[in-house]
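In order, the protein sequences belong to chains A and B.
First residue of the first sequence? That's 1 in UniProt numbering, and the numbers climb one at a time after it.
First residue of the second sequence? That's 1 in UniProt numbering, and the numbers climb one at a time after it.
Please read the structure below before turning to the comments.
Number of protein chains: 2
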Amino acid sequence: MVLDSQRGSAAGATDLECGSVATDPMEFFDRHHTTLRQAVDAIRGRHFWSAYPESPSPKVYGPDAAAEGQAAFDAYLGRDFPLDQAGDDDRVVTERSPYGIELGVGYPHADADTLVAASRATLPGWRDAGVRARTGVCLEILDRLNKRSFEVAHAVQHTSGQAFVMAFQAGGPQAQDRGLEALAYGYDMIASYAPEVRWEKPQRKGAPIVMDKRFHAVPRGVALVIGCTTFPTWNSYPGLFASLVTGNPVIVKPHPRAVLPLAITVAVAREVLVEAGLDPDVVLLAAERPDERLAAELAVRPEVRVVDFTGSTSFGDWLEANATQAFVNTEKAGVNAVVVDSTDAYAGMLANLAFSLSLYSGQMCTTPQNLFVPTGGIATDEGHKSPEQFAADLAEAVRGLLGDPARAAGILGALANDDVLERVEAADGLGETVLKSERIPHPDFADAILRTPAVVRLDAARGDVYGREHFGPVSFVITTEDTAHALRLLGETVTERGALTAAVYSTDEEVLVAAERAALEAGVNLSANLTGQVFVNQSAAFSDYHGSGANPAATASLTDPSFVAGRFHFVQSRRHA
Amino acid sequence: MVLDSQRGSAAGATDLECGSVATDPMEFFDRHHTTLRQAVDAIRGRHFWSAYPESPSPKVYGPDAAAEGQAAFDAYLGRDFPLDQAGDDDRVVTERSPYGIELGVGYPHADADTLVAASRATLPGWRDAGVRARTGVCLEILDRLNKRSFEVAHAVQHTSGQAFVMAFQAGGPQAQDRGLEALAYGYDMIASYAPEVRWEKPQRKGAPIVMDKRFHAVPRGVALVIGCTTFPTWNSYPGLFASLVTGNPVIVKPHPRAVLPLAITVAVAREVLVEAGLDPDVVLLAAERPDERLAAELAVRPEVRVVDFTGSTSFGDWLEANATQAFVNTEKAGVNAVVVDSTDAYAGMLANLAFSLSLYSGQMCTTPQNLFVPTGGIATDEGHKSPEQFAADLAEAVRGLLGDPARAAGILGALANDDVLERVEAADGLGETVLKSERIPHPDFADAILRTPAVVRLDAARGDVYGREHFGPVSFVITTEDTAHALRLLGETVTERGALTAAVYSTDEEVLVAAERAALEAGVNLSANLTGQVFVNQSAAFSDYHGSGANPAATASLTDPSFVAGRFHFVQSRRHA
Numbered sequence: 001m002v003l004d005s006q007r008g009s010a011a012g013a014t015d016l017e018c019g020s021v022a023t024d025p026m027e028f029f030d031r032h033h034t035t036l037r038q039a040v041d042a043i044r045g046r047h048f049w050s051a052y053p054e055s056p057s058p059k060v061y062g063p064d065a066a067a068e069g070q071a072a073f074d075a076y077l078g079r080d081f082p083l084d085q086a087g088d089d090d091r092v093v094t095e096r097s098p099y100g101i102e103l104g105v106g107y108p109h110a111d112a113d114t115l116v117a118a119s120r121a122t123l124p125g126w127r128d129a130g131v132r133a134r135t136g137v138c139l140e141i142l143d144r145l146n147k148r149s150f151e152v153a154h155a156v157q158h159t160s161g162q163a164f165v166m167a168f169q170a171g172g173p174q175a176q177d178r179g180l181e182a183l184a185y186g187y188d189m190i191a192s193y194a195p196e197v198r199w200e201k202p203q204r205k206g207a208p209i210v211m212d213k214r215f216h217a218v219p220r221g222v223a224l225v226i227g228c229t230t231f232p233t234w235n236s237y238p239g240l241f242a243s244l245v246t247g248n249p250v251i252v253k254p255h256p257r258a259v260l261p262l263a264i265t266v267a268v269a270r271e272v273l274v275e276a277g278l279d280p281d282v283v284l285l286a287a288e289r290p291d292e293r294l295a296a297e298l299a300v301r302p303e304v305r306v307v308d309f310t311g312s313t314s315f316g317d318w319l320e321a322n323a324t325q326a327f328v329n330t331e332k333a334g335v336n337a338v339v340v341d342s343t344d345a346y347a348g349m350l351a352n353l354a355f356s357l358s359l360y361s362g363q364m365c366t367t368p369q370n371l372f373v374p375t376g377g378i379a380t381d382e383g384h385k386s387p388e389q390f391a392a393d394l395a396e397a398v399r400g401l402l403g404d405p406a407r408a409a410g411i412l413g414a415l416a417n418d419d420v421l422e423r424v425e426a427a428d429g430l431g432e433t434v435l436k437s438e439r440i441p442h443p444d445f446a447d448a449i450l451r452t453p454a455v456v457r458l459d460a461a462r463g464d465v466y467g468r469e470h471f472g473p474v475s476f477v478i479t480t481e482d483t484a485h486a487l488r489l490l491g492e493t494v495t496e497r498g499a500l501t502a503a504v505y506s507t508d509e510e511v512l513v514a515a516e517r518a519a520l521e522a523g524v525n526l527s528a529n530l531t532g533q534v535f536v537n538q539s540a541a542f543s544d545y546h547g548s549g550a551n552p553a554a555t556a557s558l559t560d561p562s563f564v565a566g567r568f569h570f571v572q573s574r575r576h577a
Numbered sequence: 001m002v003l004d005s006q007r008g009s010a011a012g013a014t015d016l017e018c019g020s021v022a023t024d025p026m027e028f029f030d031r032h033h034t035t036l037r038q039a040v041d042a043i044r045g046r047h048f049w050s051a052y053p054e055s056p057s058p059k060v061y062g063p064d065a066a067a068e069g070q071a072a073f074d075a076y077l078g079r080d081f082p083l084d085q086a087g088d089d090d091r092v093v094t095e096r097s098p099y100g101i102e103l104g105v106g107y108p109h110a111d112a113d114t115l116v117a118a119s120r121a122t123l124p125g126w127r128d129a130g131v132r133a134r135t136g137v138c139l140e141i142l143d144r145l146n147k148r149s150f151e152v153a154h155a156v157q158h159t160s161g162q163a164f165v166m167a168f169q170a171g172g173p174q175a176q177d178r179g180l181e182a183l184a185y186g187y188d189m190i191a192s193y194a195p196e197v198r199w200e201k202p203q204r205k206g207a208p209i210v211m212d213k214r215f216h217a218v219p220r221g222v223a224l225v226i227g228c229t230t231f232p233t234w235n236s237y238p239g240l241f242a243s244l245v246t247g248n249p250v251i252v253k254p255h256p257r258a259v260l261p262l263a264i265t266v267a268v269a270r271e272v273l274v275e276a277g278l279d280p281d282v283v284l285l286a287a288e289r290p291d292e293r294l295a296a297e298l299a300v301r302p303e304v305r306v307v308d309f310t311g312s313t314s315f316g317d318w319l320e321a322n323a324t325q326a327f328v329n330t331e332k333a334g335v336n337a338v339v340v341d342s343t344d345a346y347a348g349m350l351a352n353l354a355f356s357l358s359l360y361s362g363q364m365c366t367t368p369q370n371l372f373v374p375t376g377g378i379a380t381d382e383g384h385k386s387p388e389q390f391a392a393d394l395a396e397a398v399r400g401l402l403g404d405p406a407r408a409a410g411i412l413g414a415l416a417n418d419d420v421l422e423r424v425e426a427a428d429g430l431g432e433t434v435l436k437s438e439r440i441p442h443p444d445f446a447d448a449i450l451r452t453p454a455v456v457r458l459d460a461a462r463g464d465v466y467g468r469e470h471f472g473p474v475s476f477v478i479t480t481e482d483t484a485h486a487l488r489l490l491g492e493t494v495t496e497r498g499a500l501t502a503a504v505y506s507t508d509e510e511v512l513v514a515a516e517r518a519a520l521e522a523g524v525n526l527s528a529n530l531t532g533q534v535f536v537n538q539s540a541a542f543s544d545y546h547g548s549g550a551n552p553a554a555t556a557s558l559t560d561p562s563f564v565a566g567r568f569h570f571v572q573s574r575r576h577a
């Protein structure tokens, strides 16, 4: 048998026991080749591009897609999730919808030994399938996930608490775009280097030395993706597809509160693998019992050589310190900052900030927390504004945005869990309340807990409060000596506690340059003067980096070369021609 | 001041105090642009290519180059090395030539605080110079190092113990090629992604959203390169240039026994930096007092964010466990393996192996240690050979190769230190001696210690002996049940203790395929049927990977994407157009 790890097909893979005719993964590769080519162009050019339409319109996804998605979701409720993988007889039921509906979905359970053994056994076949076959399989998985975006959207809504449209966009097409982006990086990083070469070294006398060399991309080992509650798919897909394309089989360990979106993902992946004549255990679901700490157990197994994690700083730090056998990528807490210096679009700035603070009740890792305003106030197109006035106007903008309950529900979504509720209820005691968080009803779900954002005013001296993350709808207007002081505090807080986003508002080019320098020094991505329909807490796949790896909030960006390069090695062979 | 970290010139750098006219680094970039383009083509194509001729011929380097190099080297002896960098008044003198000549070169000394502060202070300027300016500076440094290859060769010879021609080739042009290879990877990995883009997102109604985005390559921080005695330049240049091109200032910490080659390197780098109007402290020498443990102190400093190390497994493991704030690359000990199954060129195989065992007295991290031979013997073009016969013939081939003392000295070089001598003297007691190591005189240097290789026969059961590294001219002929057993042992030893090289000899394609699979599983680069002028312990820059990162001998390959990607992050800014 000839090894052909770079360009191979799955020739040699065992026939399916069920007797169905396998699809050569190269057919998948060919079918989606244009998508791949465009994705690779986009990661290099960083221009606007998207493979999966973000509009849930029937014109885009078809007239029946919404109803079919709803029906598919409903069919899961109160039943065992259809997933055929090894495990014990237990079923795990750990989810509850932030909207109050009964989920009651049971997932198969397996212990770490079973999962790791099953995953490790698939590595040689998945590696030897070659990068093009793996890419074809992944492209087909993404395509099928896209077609099931409505189904996934309901699953994301009822685990994360996101409003439906956001759950559709961020949990469906935008997550798929991020997965494709990671896939494109991995494919490109392997395919850019020759898989084989005839090497001819001239000699001073006589014929050249001629050797044939082959270069195999070899995966590190079993990969573990640890999902979070708030963005179960969006934050998991980059690691999942980056590991898969580079040859690592993946164990997907969802957050116990947000299993369904990833269970559907795993089921789709396994379905495509089987069709491709490959072992479905290349992708495994690791649903855990409450308090089982399965992630921690899996993460330190010697066979597990890649870990992708989104969640708390404490567990992320633990993984970095303890999973030393693995290439560990973590996304943790941060204190996102906004520096307000001046603006020529005061109303637009307030509207933009109000939406950023309100979207998904501030439960985004990218939501601004700290708004620094100089004590002398800011110049605007509506005249000079003191910090007090700015804070009051921001509060009014939030109230205006959320005045209509139906619209408010569509923006806020529901609080994901009681921890968020506790934090927003504690906000009042943190300083001078500018905007008090209020509970508002959801028009469709009586049990959903919806809270409007709290805004609290603090002096710059209260770093003890604003210097740590208050995940949820809690933000601070912080009075600084001047803009230079604000930029210093941005740098200090981000350097110490990390951030995924930073923003600046200024009409002064010198301030914008200084802000860019401060952001560069602190290693955080900066948005300047967002007053329209682009928000600091949103990043566009293929163009915007999510995080940077250059500050404590994350060890890597989604998605850049270092996020992918550590997942595989090149191993070569050579012989005389 | 406009930040321009991707395409910038050094505009804005302070004028030189000495009043000399600075060369815009973009001139260096333009001057060497063809070299860069060819290097990038070569890392992607993996074909034969070399920028720096490996022949020390006067036809290549000019009629005066040899004499000038000798004179330059002689001028260093017994004096303070001319290096103008901050430090205390101490001079450090720690070298002794394995050839017995007096070196007595004094190097400036500085403590960790001074070094880290000086290095860190240069980071913003080096970062903001931009990738093309940094690449231009690095290309000019390499070009000047190449012109000084004779001088460096003497320095390498009299610190490492390598014979002169090898010191010239491996310490000069081949090291420069490896440095250029790393530079090309770093340049390519930054330049492949757009430094800025106008992003236009179509809207269903009305004008598109248009944003201008900039993407800055941001270095991790201060980089530390920790050199070794045996290949002070070859093993240091990849890390040095990979860090420099990605924007990290570098502290070069040579082994106390091999300072001069890196002191020359640092001096050349600083000379070019000054000419480019940049801060020379971008490259600093960290010469240490005996037993100062400066490397360990520097490696855990929070400002130090990249560490490249070649040396012992114990210190490499220590760095990996303790320098957790840094991106750590280590190259450590290994047990390189050869599986002998059959050959159609018995004499060629023996000659090739004899040379590999003898070159630089086995003091290469790539020298084969374990030669596995089936107990039933091997089929050859000269008839069947038992393991005993193979071992005897190998011993005879080594004797033949080293029969002439002058030729032997040119191959063996001198033992680098007493540890190597102790190991070769201990070889006799390890098993059945097949070839006894002998001391031979050097024609020019009476005090040089030259030892021929020791070959010891062992049974496969003696994993306690051959399962660990015996660095130096010590190798084992190990009798295995059959070839399959040999391949299993190759896999087991490499997986457990690591290896930088593996080789197989067989006329059976199935065995070659099985060997390639075993090497792939163990993560080690494989050479098959080397019977001519390519040796398993030599790798060619731009085509052969040195190490893989996939086994315990090294965390990364020199040079591949993962060796470079961890040295920088992309940080972006965006604003509406």
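In this text, a Cβ means the ideal position worked out from N, Cα and C, and glycines have one as well.
- A:Glu422 counts as exposed, since fewer than 16 other C-beta atoms from the protein chains shown sit within 10 angstroms of its C-beta.
- Counting only the Cα atoms, B:Leu353 lies some 53 Å from A:Asp544.
- Counting only runs of 4 or more residues that sit fully inside the segment 82-139 of chain A, the alpha helix (DSSP H) segments are 112-121 and 123-129, in chain order.
- Annotation for A:Glu303: Val116, Arg120, Gly221 and Val222 place their beta carbon closer than 7 Å to its own, counting only its chain and skipping 5 residues before and after.
- A straight line joining the alpha-carbon of B:His384 with that of B:Ala351 spans about 18 Å.
- Looking at the DSSP output, B:Thr310 sits in a beta bridge with B:Glu331.
- Close to chain A, meaning a Cβ-Cβ distance shorter than 7 Å, are the following residues of the segment 203-219 of chain B: Ile209, Met211, Lys213, Phe215, His216 and Val218.
- Separation of the CB atoms of A:Leu500 and A:Cys365 is rounded to 5 Å, and the pair is thereby assigned contact status at 8 Å.
- Secondary structure note for B:Tyr545: it is in no beta strand (DSSP E), with a DSSP letter that is neither H nor E.
- Its Cα nearest to that of B:Leu558, the residue B:Leu183 stands out among B:Ser57, B:Gln572, B:Ala269 and B:Leu183.
- The residue among B:Ala347, B:Pro473 and B:Pro53 with its C-alpha nearest the C-alpha of B:Asn370 is B:Pro473.
- Taking C-beta separations shorter than 8 Å and ignoring five residues to either side along the sequence, the partners of A:Ser527 in its chain run Thr501, Ala502, Ala503, Val504, Val534 and Val536, following chain order.
- Taking CB atoms only, B:Arg575 has a neighbour in chain A less than 7 Å away.
- For A:Trp199, the C-beta contacts it makes with chain B under 9 Å involve Arg46, His47, Phe48, Ala540, Ser543 and Asp544, in order along the chain.
- The alpha-carbon separation between B:Arg301 and B:Trp126 amounts to approximately 20 Å.
- For B:Glu496, not one C-beta of chain A is nearer than 7 Å to its own C-beta.
- Taking CB atoms only, B:Glu516 has a neighbour in chain A less than 7 Å away.
- Taking all protein chains shown into account, B:Ala426 has fewer than 16 neighbouring C-beta atoms within 10 Å of its C-beta and is therefore exposed.
- A:Ser527 has a beta carbon lying within less than 7 Å of a beta carbon in chain B.
- At a cut-off of 7 Å, the C-beta of B:Pro173 has no neighbouring C-beta in chain A.
- With distances taken between CA atoms, A:Thr380 lies nearest to A:Gly348 out of A:His485, A:Ala263, A:Val245 and A:Gly348.
- A Cβ of chain A is located within less than 7 Å of the beta carbon of B:Tyr193.
- Inside the segment 334-405 of chain B, DSSP marks whole beta strand (DSSP E) runs of 3 or more residues at positions 337-340 and 370-374, from first to last along the chain.
- DSSP places B:Glu510 in the uninterrupted alpha helix (DSSP H) bounded by Glu509 to Ala522.
- When 9 Å is used as the limit between beta carbons, B:Ala347 is near no residue of chain A, the shortest such separation being about 16 Å.
- Within chain B, the residues placing a beta-carbon under 7 Å from that of A:Ala550 are Val218, His569 and Val571, ordered along the chain.
- In the three-state DSSP reduction, A:Asp279 falls in the coil class, being neither helix nor strand.
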